[in-house]
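First comes the structure, then the notes that go with it.
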Amino acid sequence: MQTVDQLARAIVVREGGYVNDPDDPGGPTNYGVTIHTMRRLGLDLDGDGDVDAIDVQRLSIEQAVNIFKSHYYERPRINLLPADIQASVFDMYVNAGGNAVKILQRLLGEFGENVAVDGALGPKTAAAVKRAYDKAPAFFVDAYGIARRNYYYALADRRPASRKYARRKDGGKGGWIIRAEEFISARYDLTDRQHKERTSAWA
3 MQTVDQLARA
13 IVVREGGYVN
23 DPDDPGGPTN
33 YGVTIHTMRR
43 LGLDLDGDGD
53 VDAIDVQRLS
63 IEQAVNIFKS
73 HYYERPRINL
83 LPADIQASVF
93 DMYVNAGGNA
103 VKILQRLLGE
113 FGENVAVDGA
123 LGPKTAAAVK
133 RAYDKAPAFF
143 VDAYGIARRN
153 YYYALADRRP
163 ASRKYARRKD
173 GGKGGWIIRA
183 EEFISARYDL
193 TDRQHKERTS
203 AWA
């Protein structure tokens, strides 16, 4: 099993370096850490009294890793989950915040577990996850990955500006979908044809 540090470093690699895409609500981002996160944490790296794009550019890999471990793994208590699913939920939490837990909580309903969909990972949600996971460990992990993929497609359905993250210009799978499928068994990956059918209604 990978350590939390290894999981965090894998996320940094997956996220890549500095970007400032006007279509991304996260704004300037480096190694997956957004300017909003840095402002919340007060990371004024150049000491000029504010947190701006220059501070984001100055963020180091080690700082990003530590932010992920402290604020996206330890604080939301992802450690309460079965080890097999931690990597996927951790990765999604970095990408989507509390929605990562809401996806998990909605999924639990499909497994007959009644929990509040509030984005908080507490003892009740953790216990429900363990019960659902114990019924079919591998399938539960795949089901969460599939739910992640569905979340990305639905988000792109609602927000045309985000469709480029789910579908490349040539019609192939975009970064969001590829990312979700990294955590799904290959047999559940969508074929190129299925992906194109799913996105055919997009302009």
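Residue numbering for the sequence shown follows my numbering, beginning at 3 and increasing consecutively.
Heads up, the beta-carbon is just placed ideally off N, CA and C, and yes, glycines get one too.
Remember, predicted model here, so these are calculated numbers, not experimental data.
Check	Outcome
Rounded to whole angstroms, how far is the Cβ of Gly44 from the Cβ of Ala66, which I believe are closer than 8 angstroms?	16 angstroms between Cβ atoms; not a contact.
Helix, strand or coil, according to DSSP, for Arg195 in the structure here?	helix
Figure out for me which residue from Thr193, Leu9, Gly49 has the closest Cα to the Cα of Met94.	Leu9
Between the beta-carbon of Val206 and the beta-carbon of Gly121, is there less than 8 angstroms?	The chain is shown only over 3 to 205; residue 206 falls outside these bounds and no answer can be derived.
When DSSP labels each residue in this structure, what does Arg189 get in the three-state scheme?	helix
Would you call the region 51-67 and the region 13-23 in contact, with 3 or more CB pairs under 8 angstroms?	yes
Compute the beta-carbon to beta-carbon distance between Val6 and Tyr75, rounded to the nearest angstrom, for a pair I have assumed lies under 8 angstroms.	6 angstroms
Contact between the region 181-191 and the region 144-153: three or more CB pairs below 8 angstroms?	yes
Where does Tyr154 land, buried or exposed, given buried means 16+ other C-beta within 10 angstroms?	buried
Cβ atoms of Leu110 and Ala134: under 8 angstroms apart, would you say?	yes
Using a Cβ-Cβ cutoff of less than 6 angstroms, which residues in the same chain neighbour Asn22 once the five nearest sequence positions on both sides are dropped?	Pro30
From Gly18 to Pro162, what does the alpha carbon distance come to, in whole angstroms?	23 angstroms
Looking at C-alpha atoms only, which residue of Trp178, Asp194, Asn81 is the closest neighbour of Leu123?	Asn81
Figure out for me which residue from Gln59, Lys198, Thr193, Arg108 has the closest Cα to the Cα of Arg170.	Lys198
Note down, one range per segment and in chain order, each alpha helix (DSSP H) of at least 4 residues found wholly within the region 121-145.	125-137
I'd like the list of long-range same chain contacts for Tyr190, defined as Cβ closer than 7 angstroms, with 5 residues on each side in sequence excluded.	Asp144, Ile148
Could you give the C-beta distance for Ala89 and Gln4, rounded to a whole number, given that I count them as a contact under 8 angstroms?	7 angstroms
Give the single residue among Lys126, Asn32, Thr193, Gln196 whose Cα lies nearest to the Cα of Asp57.	Asn32
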